[in-house]
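Notes to accompany the following structure.
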Amino acid sequence: MKYFTIPPSTALAKYVRFFWVLEHEVGSGQPYIHRTMADGCAELIFHYKGRFDEFVTADKTEPSFHSGIHGQSQTFRRFIIHEDFGIFGVYLYPFAIPVLFGMPSTELTGQMPDLHTFLGNQAVGLEERMMLAADHMERVAIISSFLESLLAKTRTIEPAVFSVINQIIQNKGLTNVQELAAQSFLSTRQFERKFKEFSGFSPKLYLRIARFHAALDAYGDKEKSLTEIAYECGYYDQSHFIHDFKSFSGQHPRFYFSGRSEGQAYRDE
Numbered sequence: 001m002k003y004f005t006i007p008p009s010t011a012l013a014k015y016v017r018f019f020w021v022l023e024h025e026v027g028s029g030q031p032y033i034h035r036t037m038a039d040g041c042a043e044l045i046f047h048y049k050g051r052f053d054e055f056v057t058a059d060k061t062e063p064s065f066h067s068g069i070h071g072q073s074q075t076f077r078r079f080i081i082h083e084d085f086g087i088f089g090v091y092l093y094p095f096a097i098p099v100l101f102g103m104p105s106t107e108l109t110g111q112m113p114d115l116h117t118f119l120g121n122q123a124v125g126l127e128e129r130m131m132l133a134a135d136h137m138e139r140v141a142i143i144s145s146f147l148e149s150l151l152a153k154t155r156t157i158e159p160a161v162f163s164v165i166n167q168i169i170q171n172k173g174l175t176n177v178q179e180l181a182a183q184s185f186l187s188t189r190q191f192e193r194k195f196k197e198f199s200g201f202s203p204k205l206y207l208r209i210a211r212f213h214a215a216l217d218a219y220g221d222k223e224k225s226l227t228e229i230a231y232e233c234g235y236y237d238q239s240h241f242i243h244d245f246k247s248f249s250g251q252h253p254r255f256y257f258s259g260r261s262e263g264q265a266y267r268d269e
């Protein structure tokens, strides 16, 4: 399995966290199951090799898209593939949705539309060029040019909530709503409304998801117990940590940190 990230251009760095690539050769008779976790950020996805099916129930699947956008979500999804695959992703800051695509982030929350449904006429040609690109740097160039063209058309003045959302991501959720509202010079109610418009979630839920991702990043650290990880990520007790982890990932943190969790092999690379 191969996984790596590519930094965005300076022009896109405020809106694109990074580009990523995941490739894997699936052995005969041994399907690969991928699990996406709750995430406060959306990402554009291009399956340039192979196509996944999504589990809609424990034993029923439906074909997923070849390309599209995975909106920010507070739950997990599971996918399966029986052939070699390659995926190119564009991991976005949540406020990139209103800035680049002209819609409130809330419209994408929990949604996973294909590229043509999401972009309409703007998707024409983009999917084909991304799929047929000679290599990943060409894909970076194609999607960067597309996103920079969208950015050139917008005149959005960055509200203070942009920096607040970025701060939550960088600080891994270790702050509180009242402090964030004060930084934005807004009342708590105004702040919560503005925050949800640009992030897709209430501030409290976004903080929970950010802390959950901080816990995910502790994967591979064999020196830390679950209790230590929980406290470092801002959880008051282990039961609270376990509850959130199971809610956002569908599995117990002990199983995730055991290294046997499905769809997490790329973290071992």
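Under the UniProt record's numbering, the residue at position 157 of the sequence shown is numbered 157, and the numbers go up by one with no gaps. We treat Cβ as the ideally placed atom computed from N, Cα and C, and that holds for glycine. Keep in mind that this is a model prediction, so the values were computed, not measured.
Glu54 beta carbon less than 7 Å from that of Glu43: Here residue 43 is taken as the residue at index 43 of the sequence shown, counted from 1. Here residue 54 is taken as the residue at index 54 of the sequence shown, counted from 1. In this structure, Glu54 does not lie closer than 7 Å to Glu43 by Cβ.
Same chain, Cβ closer than 6 Å to Gln111, neighbours up to 5 away in sequence not counted: For the purposes of this step, residue 111 is taken as the residue at position 111 of the sequence shown. Same-chain partners within the cutoff: Gly71.
Coil, strand or helix - Lys153 by DSSP: Within the sequence shown, numbered from 1, the residue matching residue 153 stands at position 153. Here Lys153 sits in helix by DSSP.
Assigned exposure category for Gln190 - 16 Cβ within 10 Å defines buried: Along the sequence shown, one-based indexing puts residue 190 at 190. The residue in question, Gln190, is exposed, as its Cβ has fewer than 16 Cβ neighbours within 10 Å.
Which of helix, strand or coil DSSP assigns to Pro63: Start at 1 with the first residue of the sequence shown, and residue 63 comes out as number 63. Three-state result, Pro63: strand.
Identity of the residues DSSP links to His24 by a beta bridge: Within the sequence shown, the letter at position 24 stands for residue 24. Per DSSP, Phe85.
Every unbroken beta strand (DSSP E) within the region 7-52, with a cutoff of 3 residues, ordered by chain: 16-24, 32-36 and 43-49
Reduced DSSP secondary structure (H/G/I, E/B, other) of Val140: In the sequence shown, residue 140 corresponds to position 140, counting from 1. Correct three-state label for Val140: helix.
Alpha helix (DSSP H) segment containing Tyr206, residue limits: In the sequence shown, counting from the first residue as 1, residue 206 sits at position 206. Segment Pro203 to Leu216, the alpha helix (DSSP H) holding Tyr206.
Proximity below 7 Å, CB of Arg77 to CB of Thr117: Counting from 1 along the sequence shown, the entry for residue 77 is found at position 77. Counting from 1 along the sequence shown, the entry for residue 117 is found at position 117. Cβ distance not < 7 Å, so Arg77 and Thr117 don't count as in contact.
Distance between beta carbons of Ser105 and Phe198, contact taken as under 8 Å: Here residue 198 is taken as the residue at index 198 of the sequence shown, counted from 1. Here residue 105 is taken as the residue at index 105 of the sequence shown, counted from 1. With 8 Å as the limit, Phe198 and Ser105 qualify as a contact, their Cβ atoms being about 6 Å apart.
Runs of alpha helix (DSSP H) wholly within the UniProt domain "HTH araC/xylS-type" (159-259) (minimum 4 residues, chain order): 160-171, 177-183, 188-199, 203-216, 226-232, 238-249 and 253-257
The ligand NAD heavy atom lying under 6 Å from the CB of Ser144: Among the ligands in the structure shown, none appear at all, so the ligand NAD cannot be discussed.
Alpha carbon of Pro8 to alpha carbon of Phe19, nearest angstrom: For this step, residue 8 is matched to residue 8 along the sequence shown. For this step, residue 19 is matched to residue 19 along the sequence shown. Cα to Cα, the separation comes out at about 7 Å.
Cβ-based burial, His24 [other Cβ within 10 Å; buried from 16]: If you number the sequence shown from 1, residue 24 lands on position 24. Flag for His24 reads buried.
Where Ser261 falls: helix, strand or coil (DSSP): The residue given as residue 261 occupies position 261 in the sequence shown. Correct three-state label for Ser261: coil.
In DSSP terms, what Ile69 is bridged to: Position 69 of the sequence shown, counted from the start, is the residue given in the question as residue 69. Note: Ile69 sits in a beta bridge opposite Leu44.
For Val16 and Leu92, the rounded distance between their alpha carbons: Mapped onto the sequence shown, residue 92 falls at position 92. Mapped onto the sequence shown, residue 16 falls at position 16. If I take the Cα positions, the gap works out to 4 Å.
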